[in-house]
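If you want this note's numbering, it's the position in the sequence shown, counting the first as 1, plus 29.
Only one structure is covered here, and it is reproduced in the block below.
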Amino acid sequence: MEWIKVFHVMMFTSWFAGLFYLPRIIVNHAMSEEAAVHKHLGLMEYKLYRFVTPIMYLTLISGAVLTYLNWEYYFSEWWYGLKVATVTLLVVYHFYCGRLVKVFADGKNARSHVFYRFFNEVPVFGLIVALIFVFVRPF
Numbered sequence: 030m031e032w033i034k035v036f037h038v039m040m041f042t043s044w045f046a047g048l049f050y051l052p053r054i055i056v057n058h059a060m061s062e063e064a065a066v067h068k069h070l071g072l073m074e075y076k077l078y079r080f081v082t083p084i085m086y087l088t089l090i091s092g093a094v095l096t097y098l099n100w101e102y103y104f105s106e107w108w109y110g111l112k113v114a115t116v117t118l119l120v121v122y123h124f125y126c127g128r129l130v131k132v133f134a135d136g137k138n139a140r141s142h143v144f145y146r147f148f149n150e151v152p153v154f155g156l157i158v159a160l161i162f163v164f165v166r167p168f
């Protein structure tokens with residue numbers, strides 16, 4: 030079980046690296062006015078999203094395996110349900126980032142870089158909440 034935990038933490042960390050960086054590229058994309066820069070940032074967004082999506086699935090699968098191996102404990106804890114809800118919101122955020130990649134690729138962005146600067150901070154709060162639920166285990 031320890032090896033699965035190590036794998037889960039590695040995948041979780043890698044997924045969050047993508048969740049932190051992809052919206053940052055989107056901020057820069059929204060700020061750019063040059064066609065060549067738009068094309069380059071769009072390619073970066075696309076490649077990063079394609080790379081980090083399987084990592085998200087590996088995070089979810091390894092987390093599900095860990096839950097399965099100790100399900101009686103996890104399903105009796107309040108904090109675990111809240112952690113799962115947090116992860117669910119982060120998955121929704123991830124897929125919304127994928128939608129934004131398509132919006133920018135199609136040249137249909139209607140929001141300013143200021144919106145994306147706030148949007149960029151969402152995974153920070155998700156990380157903080159998830160870590161509190163895992164390590165502090167409130168309730």
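From the three backbone atoms N, C-alpha and C, an ideal C-beta is built for every residue, glycine too.
For Leu87, the closest alpha carbon among the candidates Trp107, Gly110, Thr42 is that of Thr42. The Cβ neighbour count for Ser141, taken over all protein chains shown within 10 Å, is under 16; the residue is labelled exposed. With contacts defined as CB atoms closer than 7 Å, Val81 and Gly47 qualify as a contacting pair. Sequence-distant Cβ neighbours of Phe133 in its own chain, meaning closer than 6 Å and more than five residues away, are His58, Gly71. For Pro83, the enclosing alpha helix (DSSP H) begins and ends at 64 to 98. If you draw a 10 Å sphere on the C-beta of Lys76, you find fewer than 16 other C-beta atoms in it, and that means exposed. For the pair Ile84 and Cys126, the Cα-to-Cα distance works out to about 15 Å.
Of the candidates Gly110, Pro152, Val38, the residue whose Cα lies closest to the Cα of Arg166 is Gly110.
Taking C-alpha positions only, Val143 is separated from Glu101 by approximately 45 Å. A residue is called buried once 16 or more other Cβ atoms fall within 10 Å of its Cβ, and Tyr97, having fewer, is exposed. Met73 has its alpha-carbon roughly 29 Å from the corresponding atom of Val35.
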